[in-house]
């Protein structure tokens, strides 16, 4: 299991700290990432915190976490947080523990706002991130992004509108 955490941490670091990152932003700007844990399941929360712990002190990466209680899956877990200016939000919904929806939502700005010349690289890096999350959770969850499912796309639109994403 420790091997999975190391692999996931390595992939996320590779993706987020590389010269081009999953957000399509200019090199040199600090990447702001928020991990949102909506789960009340100890194992899921420990996996999330292990990942966060490994990334917390990385140069060029600002990692934030939030434990959120929501009544329904599409409720805004960052409501009332103000303009956070994040590049990436990774949501571990409470539906994972119930088995109702076994997805991790990777939320970023839409691909239409990423420069054309960077889109292929960003897609590849997001795929690596998804594979790492899937391996860390031993295939129990399916990471999905804004182009894969309506829920991350919904959160992307909502977070952009509220200033949570930059």
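In this note's numbering, the protein residues as written are 14 to 179.
A virtual CB, placed ideally from N, CA and C, is assigned to each residue, including glycine.
The residues 75, 99, 100, in chain order, have a CB closer than 6 angstroms to that of residue 45 in the same chain once the five nearest residues on each side in sequence are set aside. Sorting 52, 143, 130 by C-alpha distance to the C-alpha of residue 152 places 143 at the top. Residues of the same chain with a CB within less than 6 angstroms of the CB of residue 86, apart from the 5 flanking positions on each side, are 106, 108 in chain order. One thing to note: residue 78 has its Cβ within 7 angstroms of the Cβ of residue 48. Note on residue 133: under 16 other CB atoms within 10 angstroms of its CB, so exposed under the neighbour-count rule. Counting only the Cα atoms, residue 150 lies some 26 angstroms from residue 178.
Taking the C-beta atoms as reference points, residue 120 is found nearer than 7 angstroms to residue 165. In the displayed model, residue 153 falls within coil according to three-state DSSP, outside both helix and strand. Inside the segment 28–108, DSSP marks whole alpha helix (DSSP H) runs of 4 or more residues at positions 55–68, from first to last along the chain. Straight-line measurement puts the Cα of residue 130 at about 35 angstroms from the Cα of residue 51. Residue state for residue 159 is assigned as coil, using DSSP reduced to three classes. Within the model, the alpha-carbon separation for residue 42 versus residue 72 is close to 11 angstroms.
In the structure shown, the three-state DSSP call for residue 146 is helix.
Residue environment analysis places residue 122 among the buried positions, since at least 16 neighbouring C-beta atoms fall within 10 angstroms of its C-beta. Taking C-beta atoms as the reference points, residue 110 and residue 54 count as a pair closer than 7 angstroms.
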